[in-house]
């Protein structure tokens, strides 16, 4: 967040998720579409053991289809377009729904594309097939309703009724209050480095439905097609699918809660996080403390 007048201290930050997960890890795992005519703690698994039925519910699927059509976007590896999706669902939805409900659905690899960045680099995106985008969107809608109220009020990215403008306004308020020194946490290449096992462990704390856990794991492990070759996905949440932003907030919620526990004034928007302090001395002290926390997590 570049506010121009603030004094900035930079720290390279990498959240490490190399430890083995608890709970779910590796084995969590007939209707036509047209006839589909402020809590602080995560919801406990006891209340979430039949989420796949909600994902496949008529109204949820219709909303997901509307969103995917509205977002348009490129075709995935199967070259099916958004305009072709409706006819495909009319013929194949009963089988797809059955696969989702019995835990056997297998996503296709994502198609790798590179988007130029203003600094001269590139941002790698993974474009799922339109069918996988529909399913991810349906999953995201159900999970976001449950999870969003549990996220930190300091988190502004990829959340309903929250925006970058609100994040900037909060940062400006901190500066106006005299907190003019900023520690800029560089969550470098965060999305490419998320460990799948740790991420699934975090999700399993919130979800008991093994079919859904298996489906999310399958999306993470679907692989990437580039130049006609499919490479396995061993880490990271490929940017480009509807579900990835929500999963990123699940992982980064750990950072938010640690900063809250320490009583810091901070703002996070996606992988951009700033802590606001009154002096350079305080900033250097906070930097060292955060570095120790980062080292402890690795």
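Residue numbers (this note's numbering): 152 to 449.
We put the beta carbon where it would ideally sit given N, CA and C, even for glycine.
The structure presented is a predicted model; accordingly, all values stated were derived computationally and were not measured.
Subject >> Candidates 374, 362 and 334: closest to residue 159 by CA position >> reply: Of the candidates 374, 362 and 334, the one whose C-alpha sits nearest the C-alpha of residue 159 is 334.
Original post:
Under the three-state reduction of DSSP, which class applies to residue 312: helix, strand or coil?
Top reply: Coil, per DSSP.
**OP:** Rounded to whole angstroms, what's the CA-CA distance from residue 201 to residue 223? Just pull it up for me.
**Re:** If I take the Cα positions, the gap works out to 30 angstroms.
**OP:** Identify, in the order they occur along the chain, each residue of the same chain with its Cβ nearer than 6 angstroms to the Cβ of residue 308, setting aside the five sequence neighbours on each side.
**Re:** Within the same chain, 420 and 421 come within 6 angstroms of residue 308 by CB-CB distance, once the 5 residues on both sides are set aside.
Subject >> Contiguous alpha helix (DSSP H) assignments of at least 4 residues, all confined to the region 256–320 >> reply: List check, alpha helix (DSSP H) in window: 281–298.
**OP:** Tell me where the beta strand (DSSP E) around residue 382 begins and ends.
**Re:** That run of the beta strand (DSSP E) goes 380–382.
Original post:
Would you say residue 215 and residue 285 are within 9 angstroms of each other, going by their C-beta atoms?
Top reply: Cβ distance < 9 angstroms, so residue 215 and residue 285 count as in contact.
Original post:
Secondary structure at residue 376, three-state DSSP: helix, strand or coil?
Top reply: Three-state result, residue 376: strand.
Original post:
What do you reckon, are the CB atoms on residue 236 and residue 290 nearer than 9 angstroms?
Top reply: Not a contact, by the Cβ cut-off of 9 angstroms.
Original post:
Closest to residue 380 by CA distance: which of 402, 242 and 259 is it?
Top reply: Here the closest residue by C-alpha is 259.
**OP:** Since I believe residue 366 is in contact with residue 239 (beta carbons under 8 angstroms), could you give me their beta-carbon distance rounded to a whole number of angstroms?
**Re:** About 19 angstroms; that fails the 8 angstroms criterion.
Subject >> Cβ pair residue 219, residue 325 closer than 9 angstroms >> reply: The Cβ atoms of residue 219 and residue 325 do not sit closer than 9 angstroms to each other.
**OP:** For residue 278, count neighbouring Cβ atoms within 10 angstroms of its own Cβ and tell me buried if that reaches 16, exposed if not.
**Re:** Answer is buried; the Cβ neighbour count reaches 16.
Original post:
Is DSSP giving residue 409 helix, strand or coil here?
Top reply: Three-state result, residue 409: helix.
Subject >> Residues that DSSP places opposite residue 159 in a beta bridge >> reply: For residue 159, which the question treats as bridged, DSSP gives the partners 333.
Subject >> Local conformation of residue 418 per DSSP, three classes >> reply: In the structure shown, residue 418 sits in a strand (DSSP, three-state: E or B).
Original post:
What does DSSP give as the partner residues of residue 371 in its beta bridges?
Top reply: For residue 371, which the question treats as bridged, DSSP gives no partner whatsoever.
Original post:
When you compare each of 310, 383, 414 and 266 to residue 401 by their alpha carbons, which one comes out closest?
Top reply: Distances from the CA of residue 401 to each of 310, 383, 414 and 266 were compared; the closest alpha carbon is that of 310.
Original post:
Within 10 angstroms of its Cβ, does residue 322 collect 16 or more other Cβ (buried), or is it exposed?
Top reply: Per the 10 Å Cβ criterion, buried.
**OP:** Can you grab the Cα-Cα spacing for the pair residue 358 / residue 332, in whole Å?
**Re:** Rounded to whole angstroms, the separation of the alpha carbons of residue 332 and residue 358 is 39 angstroms.
Original post:
DSSP on residue 366, reduced to helix/strand/coil?
Top reply: DSSP places residue 366 in helix when its eight states are reduced to three.
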